Structures are given as C-alpha cells and as structure tokens.
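Notes follow the structure.
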Amino acid sequence: MAYTFEGYLRKDGTVGTRNYIGVVSSVVCSSVIAKEISDRFPKAIPIVHANGCAQLGDDFQLTKNMLVGVASNPNLHSALLVGLGCETNQVSGLLHSIPKTKPVKGIGIQQMAGGENTVNRGVEIIGKWSNEVDEEKRERLPLSNLTVGIVTIDTDEDTLRKVTPVVGGLINLLIQNDATVVMGLSETLEPAGLLLAKRTNHEEVANRLRKLGEGVERKQWKEIKKEHSTVLGFTEEEKTFAILESELTGANPINSLLNYNEKPQSKGLHLSSATTNIVETFSTMASSGCNIVLVVSSRGILTGSIALPCMTISPESKSGAFDELTDYIITEESTDVQVEKLMNELIAISSGKQTSLEKFELGEFSIPHIGTTF
Amino acid sequence: MKTFEGYRRPNGSIGVRNHVIVINTVGELASFTKKMAQLVPGVIPVVHQSGEAQFKEDYEQTIRTLKGTAGHPNVSGALFLGMGEDKLAKEIEELLKDENHHIHVVYFNKDKPITEVLKEGKEWLEKAMERSKAETKVTADVTELIIGLECGGSDAWSGVTANPAIGACSDSIVRDGGTSILAETTEAIGAEHILAQRAVNPEVGKKLLRVVKEYENRIRATGEDIRSANPTPGNMAGGLTTLEEKSLGCIKKGGNSTLMEVIEYAKTPSEKGFIFMDTPGYDVESVAGLAAGGAQIVLFSTGKGSPTGSPIVPVIKIGTNQRLYEIMSEHIDVNAGKIIEGLNTIEEIGEEIYGKVMTTANGSITASEKHKNQEFAIWRLAETK
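Chains as they are written, first to last, in the numbering used here: chain L, 38 to 411; chain F, 534 to 918.
And the structure:
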C-alpha cells in the first residue's frame, strides 16, 4: 500500500508539513524586535539566536548557512529577515544566498531608524503574507516528499531494546516508500562507527565512520592553540549501546554523512553531525531541509524545534511524568501493529496534527559554534 | 559624596534594581524558562543555549557567568530550572547558597509530573516577588558602584564624542572612589600599549599585554584574521577604517585613570578604581560578562544605534552624533552629539552621563529597560560538541 500525507507543495518541489512565516534575526541585537514582530501573528515563528556578529571564518559561515538553510526550509511559506545594520552577518548577504523560490524580504533597525519603525514595517509585510498563508491548501502527496530527522536523547539500553524494533520498522517502511531519513550522529552513536561503515558503499563515508568508531576525537583546549589532540577509545559498554542505537535505522544502507546543515542529495538514509545540545541538533536538521523529526528518549523531552514538528517516542514509564509531552508510548502490542500505528501518527502529524510539544508551544532555535566569538 | 538609594544584599553588596529572575541550565529548558517567567508577572527570564560544552574552559565560564548573574546585587531572587541530575545547577546552587543568596532550583526528572515542577517553580517565584516587594532601600554612596563600559555599532564619532565623554564620567567615578570596568579585548588590539602604561604596577601592565596577545593568538590559531570581522561592515559605513582606529576610540571610554587590575570574563574585581575585563567585542556577550562580574550599571556608546540591553542591569545608551539622536531617540539616553554641535564640552557631557548614572541608580528607567531589551549570551570559547 502506498502511503500518502497532506502537505504544502512549494515552488521548488519541496513539501512543507507546516505553513509558517519565519521572522529571522540576522544577529542577537535584532532578536527582541524580530520576536516582537512575530508575536503579532499566529502563523509567524521567531527564528532568533545568539549569533551573527564578531564571528570569523568557518564559525561565521556556519551561522550564515544555518539561517539561509532554515529560511529555505519547506515548512516556511515566507521569511522576513530582521537585522540591526552594523553586524557581520549582513541581511543583504543572506538575501543574496537564499534561493528565490518563496517570498523573502529583509529590513534593518538602523536603516528603518529605530525599533518602532522596524516593527511597523515588519507587521506591514507579514500582514500581507498572512493573507496568502490563509489561502494555501494542503495537497495529498506521496511519502517520498518527507525528509524525516531522527534523534535520540537520554536513552538507556532498556529504552532502546523496547523502542528499536518499532522505530526500526518505521524507518524501513519510510525508506521502502522512498522517503529521506536523516539520523543524528550523536556522541552515543559514534562508537558504532565500524559497524555503520559496513552499511555504506561510499569509501569516503566509510573511512570517516571508521575513524569515528575508533574513538571520539575530542580536541583538547590546547589544540585551539594548534598543539595536539587525543583520541579517546570507547568502552565495550559504549560500543554495545551504540550498536543498539544504530539498529534504530534498521539495516538500511547509509548514503552519506552530512556536516551541519548540509542537505541530503538523495532519498534513503543519511547520517548527520549532531551536538550534545538537542536544540542545536533540531536546528541543524531544520536548516538541512528536514520537514519532521522523530525523537527517541527514555523520558520524553521538554522542547522541540521552532520550525519542525518533533514527534516524541518513549517506552512506558511508571510515573508517566512526561506522558503529556509524548506523542507515542511503546506498548506490549506486536511490532507490526505498532509500526503501523506509528506510521499513522507520523502521517497525521505531517498532515497538520499538532505534536504534544507544539500544543504546549515548546520550540527553540539555536546555532552551534565551531569557534570562538570575538 | 554622591549617594543613591539601593537594595542591600545579605553578602553586603548593593543593588540598583530588585529583580526576580528565572534561568535555564541546558538549552532544552529554554522554552520552559520563558513559560515559567510568564506565570508570575514581573519575573524576568534569562535564557541561553550554553549549558552543553565540549571544553572544561567553556563549562567553567558558563558556571561563572550564571552564578554571577543569579547572585548579582540587582537580583533579589533567582530560580534555576535544571534537568534530572543537573551537575551545573547543583554546582551553582551550592556556590550561591554559601553566599546567602536567595536562590532555588527546580529539577525536571522522569519521576515527577511536569505540572508539579511548574507548580513548585511558580510558588517559589510568587513568594520571591512578594519578598522583593517588601525589601526596602537604603542609602549607599558611589564608592559601592561598579560601572561597565561598552560600545556597540561604533562610527567615526565614537572616539571623538561619546567615548571621551564616558571617559570623563569614568574618571569622575574613580576619583569619587567608585569602580569602572573597561571591556572588549578585541578593541584593545592596537591600543594595548597605552592602557599598559597606565597600569598601577608592572604586573598589571604585563597581564594586560598578555591577555591581548593571547586573544590575538587564539584568533590567529584558527587561521583567521581578526581584521576581517572588525571593523564590521557597519563600522566602515560609519567611517571607521581600521581596527587600530576603532581601538584608539574604544579605550577613550576608560578616561585617564590608573589601571588597577585586569580580570577574566565574568569575574568580580578585587580592587576599586579603573579595571579591565577580558571580554569579546560582541556586545551582548560582553555586557553579560560585565554584569556577571558585578557591574550594576553599564554605559554603552553607539554611533549607528543599537537597542540591546541586559536582563539584570540597566544599560545607558550614549549616542555619538546628533543625527542618530534625531532619528533613533527611542534607543538613546544621552546625546553626546551635542559636542560636535559645539553646544557642550566633553566634560559637560561626562557630567551629564554621571548624573544619568545616579538617577538610574535611584531607579529611573533607561531606554533599553523601557523596551524590554533583555538580550543575554555567554561568551563561547570553542565548539559546542
């Protein structure tokens, strides 16, 4: 049976599971104004962060790329960039880099002569877009239009043993249906590098995975001053755990290992760099084009992404403390039945059903640093 | 002696505001922190994404900054949101409780329903608000004030009007026995020898030169040139041509007083008088460091116009030119552009700023406070992972 969902088909062929207007600050200095504009409209989301100025080289480029990426995400109908004016990360540069496939505009506080004028101008622009958003309708589309991120946070062996057969089954089904799946390569998954390397036909990807599997190359502080770094090996326990985590993506072949905010170039399974900060991981997934995220955890999580629905999956807990923030709780039912249920939930959420985190308006955005600010 | 009415804290420090704040430890709790603040009117959220770090140095800097923020004299009470066995929250809680600060941590964990955590937090905040309202002001004098010095969105007038006027104010405060902290190491590059010559002794002078050199080396080690990020595009549009030129203007904020001490980011000075703190040129991170180090008020000059403030300290904006004051008066507290017009001397504007410092210390609201500009970020030293 061919699965379908209802999404927003964009001009560039990508599909949104949501229809937001993004209000993107180019720098921390314009974040309060960006939020003020966004708060006036139910369809608008504030994409604010602590970066944007006094950054150099790769660290600056990452900030810029992340914002270009998230503005291009299919869940955004349109994007308004709000700058200060004097920052390194200029709005004009962002406008130049964002593909012109959707309404995108930029304004700056200094150019508009103050916050009040900027808010007024922003409200004017978004007012127009809001009417367009209301007119857009979802269309029935095949699952091949989904790019599903998958992330683990605070998992333990027991959780993985319960969750893996069901989530692994879902991932298999998604890949059979030609969807794209991006698994966050977290610290806990890295020890399975040797095993993951066997699942790819690309020599370069295999080499990088093998290297990760040998031990996390945690740079030492002195290395910042170009001295040395050490490779710490993994314990057997870490390896066993990682192997279990790797089974969340079944036995599917790995097509690529993506850097922060790099877009997958084919359907099927990809791995992507993830940081220990869950908000940063969600944000890199948003900027690399994911339109929904699955989160596996032993406890449920307390925030999602501002731009992507985050569907949370946990095993049953005695206290049920986080149940109201969890979308799917693993039961005793057979794996096949649960895979089907999970798929139905994924389709419902992709078609507009609010996730638990969305209901509580728990969503953030943040950009990782790969160097110091100056 | 100039005096003001402030709030005396159990550790002896004196605050010019009486805030109740709520802070997250890890990034995952940022949304709940904002929600928690909304539950009790008047509570200020202090939100960041710095709880997870790869390096010990970043972790320590985060702890120091959060501790300095929660234990700040302008803060009457602080609630932390922690996650499970939150090492960061536990460490800060212990440090602050030892100093008799009014602080509490609520922990989210899988054995406790979220509604209960929210209830516990809300109840604590309600009591903290009541408690803060019952606190009365006492008279203190300028010797107990620490003023942070910052500039953002500089133009070619910064070093001619606003910064020298801030310098005149800083000299007066130091002369009266108070403390002022110059910051932004980036903008000491090229002017460090001038500051070093003013050091109280050779050790302090050497430390300043070392801090600036290490800063430059850290940048060079990444294969980058600081001069490609600074001056920024806006600085250049404002007429600044080189980093050295920007620096020479920047250090004018420090006046001509003797340099008593050079301190790390977010550290509290142990001396009174004129101090230098090692911070980045990134305004929001720099102001957060100055505040965490105990500055009760920050003076911030701007040529292009910047609205940013702080969740816990009043930031006084000094505009460098008449045009800025005309078009962006909503963000400016003092117009130093009058110096160019020949209406006032640098010394007179310095006095006006000093007057503004004292009225602000007595509770008058600054432009950034009025607009709820409560930006906060911790100086990041290296990768997140």
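Heads up, the beta-carbon is just placed ideally off N, CA and C, and yes, glycines get one too.
Note that the structure is predicted; figures quoted are calculated from it, not measured.
(1) Give the range of the alpha helix (DSSP H) segment to which M891 of chain F is assigned.
(2) Check the Cβ of V316 of chain L against every Cβ in chain F and list those closer than 8 Å, keeping chain order.
(3) Kindly give me the distance between the Cβ atoms of I366 of chain L and D360 of chain L, rounded to whole angstroms, as I take these residues to be in contact under 8 Å.
(4) Along chain B, which residues have their Cβ under 7 Å away from the Cβ of D709 of chain F?
(5) For I680 of chain F versus G711 of chain F, is the C-beta distance shorter than 8 Å?
(6) Does any CB atom of chain F fall closer than 8 Å to the CB of H133 of chain L?
(7) For K903 of chain F, which option in F:V579, F:I596, F:L914 and F:G842 has the closest C-alpha, if you only look at C-alpha atoms?
(8) Taking only runs that begin and end inside the segment 269-342 of chain L, name each unbroken alpha helix (DSSP H) of 4 or more residues, in chain order.
(9) Just grab the DSSP bridge partners of N789 of chain F for me.
(10) From the DSSP secondary-structure annotation, give me the bridge partner or partners of V848 of chain F.
(11) So with CB distances below 7 Å, who are the chain L contacts of W912 of chain F?
(12) According to the neighbour-count rule (16 or more other Cβ atoms, all chains shown, within 10 Å of its Cβ), is I727 of chain F buried or exposed?
(13) Buried or exposed: which applies to Q213 of chain L, given that a residue is buried once 16 or more other Cβ atoms fall within 10 Å of its Cβ?
(14) Using a Cβ-Cβ cut-off of 7 Å (strictly less than) and excluding sequence neighbours within five positions of L226 of chain L, which residues of its own chain qualify?
(15) Taking the straight line between their C-alpha atoms, what separation do you get for E653 of chain F and A661 of chain F?
(16) So H133 of chain L is in the alpha helix (DSSP H); what residue range does that whole segment cover?
(17) Return helix, strand or coil for K142 of chain L, following the three-state DSSP convention.
(18) Please confirm whether D644 of chain F has its beta-carbon closer than 8 Å to some beta-carbon of chain L.
(19) Does any residue of chain F bring its CB to less than 8 Å from the CB of W258 of chain L?
(20) Roughly how many angstroms lie between the CA atoms of N789 of chain F and T694 of chain F, to the nearest whole one?
(21) Just checking: is the beta-carbon of P847 of chain F within a distance shorter than 8 Å of some beta-carbon in chain L?
(22) The alpha helix (DSSP H) spanning G106 of chain L covers which residue range?
(23) State the CB to CB distance for the pair F411 of chain L and L93 of chain L, rounded to an integer number of angstroms; the pair is presumed to be in contact (CB under 8 Å).
(24) Using three-state DSSP, classify I554 of chain F as helix, strand or coil.
(25) Tell me whether E176 of chain L is buried or exposed, calling it buried when 16 or more other Cβ atoms sit within 10 Å of its Cβ.
(26) Candidates L:S68, L:F397, L:M348 and L:K276: which alpha carbon is nearest G122 of chain L's?
(27) Comparing alpha-carbon positions, which option in F:L629, F:G700 and F:E585 lies nearest E881 of chain F?
(28) The beta strand (DSSP E) spanning R177 of chain L covers which residue range?
(29) With DSSP as the reference, label M380 of chain L as helix, strand or coil.
(30) Compare the C-beta of T775 of chain F against all C-beta atoms of chain L and say whether one is closer than 8 Å.
(31) Under a three-way DSSP split, which group does R245 of chain L fall into?
(32) Report the three-state DSSP secondary structure of R412 of chain L (helix, strand or coil).
(33) Using the beta-carbon count (16 or more within 10 Å), is E627 of chain F buried or exposed?
(34) Going by DSSP, what residue range makes up the alpha helix (DSSP H) through I636 of chain F?
(35) Does any CB atom of chain F fall closer than 8 Å to the CB of A150 of chain L?
(36) The beta strand (DSSP E) spanning M769 of chain F covers which residue range?
So, from the data block:
(1) I879 to A894
(2) G560, E561, A563 and Q582
(3) 7 Å
(4) The displayed structure is made up of protein chains L and F, and chain B is not among them.
(5) yes
(6) no
(7) F:G842
(8) 273-283 and 315-324
(9) Partner(s): none; N789 of chain F has no beta bridge.
(10) F:V831
(11) T410
(12) exposed
(13) exposed
(14) A279, E282 and S283
(15) 12 Å
(16) V128 to S134
(17) strand
(18) yes
(19) Any reading at W258 of chain L needs caution, since the residue's pLDDT is 48, under 50, leaving its predicted position unreliable; the model's value is listed next. Closer than 8 Å to some Cβ of chain F, the Cβ of W258 of chain L qualifies, so yes.
(20) 16 Å
(21) no
(22) G94 to S109
(23) 6 Å
(24) strand
(25) exposed
(26) L:S68
(27) F:G700
(28) E176 to P179
(29) helix
(30) no
(31) helix
(32) Nothing about residue 412 of chain L can be read from this structure; chain L reaches only from 38 to 411.
(33) exposed
(34) Here I636 of chain F belongs to no alpha helix (DSSP H); instead the beta strand (DSSP E) covers I636 to F641.
(35) yes
(36) Looking at the DSSP string, M769 of chain F is not in any beta strand (DSSP E); the run it does join, the alpha helix (DSSP H), is P766 to A770.
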